[in-house]
Structures are given as C-alpha cells and as structure tokens.
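Trainee: Just dropping this structure here.
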Amino acid sequence: MMKIDRKTDVLIVVDFQNDFITGSLAVSGAEDLIPAINKYIGMFDNVVVSRDRHKKGHPSFIDQGGPWPDHCVDGTFGMEIHTGLKFLDSAPLTIVDKGRYEEAYSAFTNTRLVHLLKGMKIKRLFICGLATDYCVKATALDAAEKFTGEVFLLGDAIKSVNINPDDGIKAMTEMANKGIKIITFGLFE
Numbered sequence: 001m002m003k004i005d006r007k008t009d010v011l012i013v014v015d016f017q018n019d020f021i022t023g024s025l026a027v028s029g030a031e032d033l034i035p036a037i038n039k040y041i042g043m044f045d046n047v048v049v050s051r052d053r054h055k056k057g058h059p060s061f062i063d064q065g066g067p068w069p070d071h072c073v074d075g076t077f078g079m080e081i082h083t084g085l086k087f088l089d090s091a092p093l094t095i096v097d098k099g100r101y102e103e104a105y106s107a108f109t110n111t112r113l114v115h116l117l118k119g120m121k122i123k124r125l126f127i128c129g130l131a132t133d134y135c136v137k138a139t140a141l142d143a144a145e146k147f148t149g150e151v152f153l154l155g156d157a158i159k160s161v162n163i164n165p166d167d168g169i170k171a172m173t174e175m176a177n178k179g180i181k182i183i184t185f186g187l188f189e
C-alpha cells in the first residue's frame with residue numbers, strides 16, 4: 001500500500017481542457033476520467049494543472065502548416081479546464097501554461113515547473129490526464145529526466161488518442177522503461 005504525503009507529493013493533471021474532451025481534439029472517453037481524477041485531487045494538497053495554450057494562428061495549426069486543428073486558443077471555451085474537475089478550496093492550485101508560441105507537449109517545456117517543484121520541496125510526482133500517447137508521455141518522460149524524485153503514472157486516470165491502435169500501450173511501455181511507475185487507485189491507503 002502507498003500513502004500520499006500531502007506536503008511533499010504533487011498531482012499533475014495534464015491538459016484536461018475542453019478541446020481535448022469534447023472539442024476539436026477530443027480524446028474518446030476522456031469524460032469518463034472525471035471521477036477518478038477528482039478522487040486523486042482530493043488526496044493531494046499540491047495540485048498542478050498543465051494547460052495547452054495557443055495564440056491564434058499558432059504554428060502547430062493545420063492552416064499554418066502544422067499537424068493539428070485549431071485548439072486551446074487564448075480566450076476560448078476550448079482552452080478552459082473542464083468544469084467537471086473539483087479542486088479543493090483548501091489546496092493551492094497551480095496552472096502551468098505551455099505551447100503559447102511554439103509546439104510543446106510536456107508541462108516542463110519552457111515553463112517554470114522544475115523551479116516550482118524544487119521550491120515546494122516535492123519528492124514524488126503523480127501524473128494523470130490527457131493524452132497518454134502525447135502530452136502525458138512527454139510530461140512523464142521529462143519529469144523522469146529533470147526531476148530528482150520518483151515519478152508515478154496514474155494508470156486509471158489517463159486516456160490515449162491511439163492514432164495507431166497500440167500507441168497508448170507503447171507510450172506506457174516507454175514510460176515504464178524510463179523508471180516511471182504505473183499505479184492505480186487500489187494501491188493507496
């Protein structure tokens with residue numbers, strides 16, 4: 001059994017935004033994760049939410065020659081964190097924006113996240129959200145490289161895009177091979 005240390009553990013919720021749930025880049029079944037993510041939110045005093053945030057005409061958009069439809073554009077409903085997530089009033093919530101001007105999958109890319117975690121004296125990271133085979137994977141792999149503590153992937157609170165049928169499984173294998181531990185709610189006290 002595992003116990004959360006509410007002072008030195010942090011939950012990172014990756015990109016749980018409207019455009020990835022019901023919008024232009026919706027991940028199938030994403031809304032089904034809301035109860036699981038809310039259970040995890042209730043266990044942590046330290047919660048970080050990464051948010052994909054783009055300016056209009058972002059280079060990753062199809063009309064600019066990129067691979068993706070417009071998504072998570074500043075000031076739009078699609079950029080907002082899904083209202084189904086219930087953050088605790090008693091726990092500080094930190095939002096980390098990524099990809100404002102350039103394409104960025106990891107919550108660690110050109111953000112203050114590493115410095116923030118060091119300042120908070122965080123020892124373990126627990127990662128959930130969207131999508132396993134893109135931003136969750138990139139965030140977890142960067143965490144394994146840049147963060148000195150343990151990194152866990154909450155396997156019951158993630159979903160994959162699966163452009164190819166096994167992309168999610170391949171992503172989880174890649175993360176596990178880098179020392180990221182994949183766990184589920186049943187392992188907690």
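Using full-length UniProt numbering, read the sequence shown as starting at 1 and increasing by one per residue.
Glycine residues also receive a C-beta, built at the ideal position from the N, C-alpha and C atoms.
So does the region 147-163 actually touch the region 131-138, counting three or more Cβ pairs closer than 8 Å?
Mentor: Counting Cβ pairs under 8 Å, three or more are found: they touch.
Trainee: Taking only the alpha-carbon atoms, compute the straight-line gap between Asp-52 and Glu-174 and give it to the nearest angstrom.
Mentor: Residue mapping note: residue 52 aligns to position 52 of the sequence shown, counting from 1. Residue mapping note: residue 174 aligns to position 174 of the sequence shown, counting from 1. Asp-52 and Glu-174: Cα-Cα distance of roughly 23 Å.
Trainee: Could you tell me whether the region 139-155 touches the region 100-120, where touching means 3 or more Cβ pairs closer than 8 Å?
Mentor: The answer is yes - the region 100-120 touches the region 139-155, with three or more Cβ pairs under 8 Å.
Trainee: Only counting the same chain, and skipping five residues up and downstream in sequence, which positions put a Cβ closer than 6 Å to that of Phe-77?
Mentor: Here residue 77 refers to the residue found at position 77 when the sequence shown is read from its first residue. Hits under 6 Å: Asn-18.
Trainee: Would you call the region 86-93 in contact with the region 42-62, where contact means no fewer than 3 C-beta pairs closer than 8 Å?
Mentor: The region 86-93 vs the region 42-62: in contact.
Trainee: Give me the residue from Phe-20, Asp-63, His-54, Lys-146 with the minimum Cα distance to Arg-124.
Mentor: Translated into the one-based positions of the sequence shown, residue 124 becomes position 124. Nearest option by C-alpha distance: Lys-146.
Trainee: With DSSP run on the structure shown, which of helix, strand or coil describes residue 201?
Mentor: It is not possible to answer for residue 201, since the shown part of the chain is limited to 1 through 189.
Trainee: Return yes when at least one heavy atom of the ligand SAM lies under 7 Å from the C-beta of Lys-56, else no.
Mentor: As far as ligands go, the structure on display features none, and thus does not contain the ligand SAM.
Trainee: Check for me: the beta strand (DSSP E) holding Gly-155 runs from which residue to which?
Mentor: For the purposes of this step, residue 155 is identified with residue 155 of the sequence shown, where counting begins at 1. Here the beta strand (DSSP E) through Gly-155 covers 150-159.
Trainee: Name the DSSP bridge partner or partners of Gln-64?
Mentor: Reading the sequence shown from its first residue, position 64 is the one you call residue 64. DSSP output for Gln-64 lists no bridge partner at all.
Trainee: How far does the alpha helix (DSSP H) with Val-114 in it reach, from first residue to last?
Mentor: Here residue 114 is taken as the residue at index 114 of the sequence shown, counted from 1. Val-114 -> alpha helix (DSSP H) spans 113-119.
Trainee: Leaving out five residues on either side along the sequence, give the residues of the same chain with a beta carbon under 6 Å from the beta carbon of Ile-180.
Mentor: Here residue 180 corresponds to residue number 180 of the sequence shown, with the count starting at 1. So the qualifying residues of the chain are Ala-140, Ala-144, Val-151, Leu-153.
Trainee: Give me whichever residues DSSP pairs with Thr-94 in a beta bridge.
Mentor: As a first step, residue 94 must be located in the sequence shown, where it is residue number 94. The partner list for Thr-94 (beta bridge, DSSP) reads Val-48.
Trainee: Ignore the nearest five residues each way along the sequence and tell me which others in Tyr-101's own chain have a CB closer than 7 Å to its CB.
Mentor: Position 101 of the sequence shown, counted from the start, is the residue given in the question as residue 101. These residues qualify, in order along the chain: Lys-55.
Trainee: If you draw a straight line from the alpha carbon of Ser-60 to that of Leu-25, how long is it in whole angstroms?
Mentor: Taking the first residue of the sequence shown as 1, we reach residue 60 at position 60. Taking the first residue of the sequence shown as 1, we reach residue 25 at position 25. So the alpha carbons of these two residues sit roughly 13 Å apart.
Trainee: Determine which residues share a DSSP beta bridge with Cys-72 and list them.
Mentor: Residue numbering aside, residue 72 sits at position 72 when the sequence shown is read from its first letter. None; Cys-72 has no bridge partner.
Trainee: Let's see if you can read the secondary structure: which residues bound the beta strand (DSSP E) around Phe-126?
Mentor: For the purposes of this step, residue 126 is identified with residue 126 of the sequence shown, where counting begins at 1. Segment 124-130, the beta strand (DSSP E) holding Phe-126.
Trainee: Helix, strand or coil: how does DSSP classify Lys-137 here?
Mentor: Sequence index remark: in the sequence shown, residue 137 carries index 137 (1-based). It is helical.
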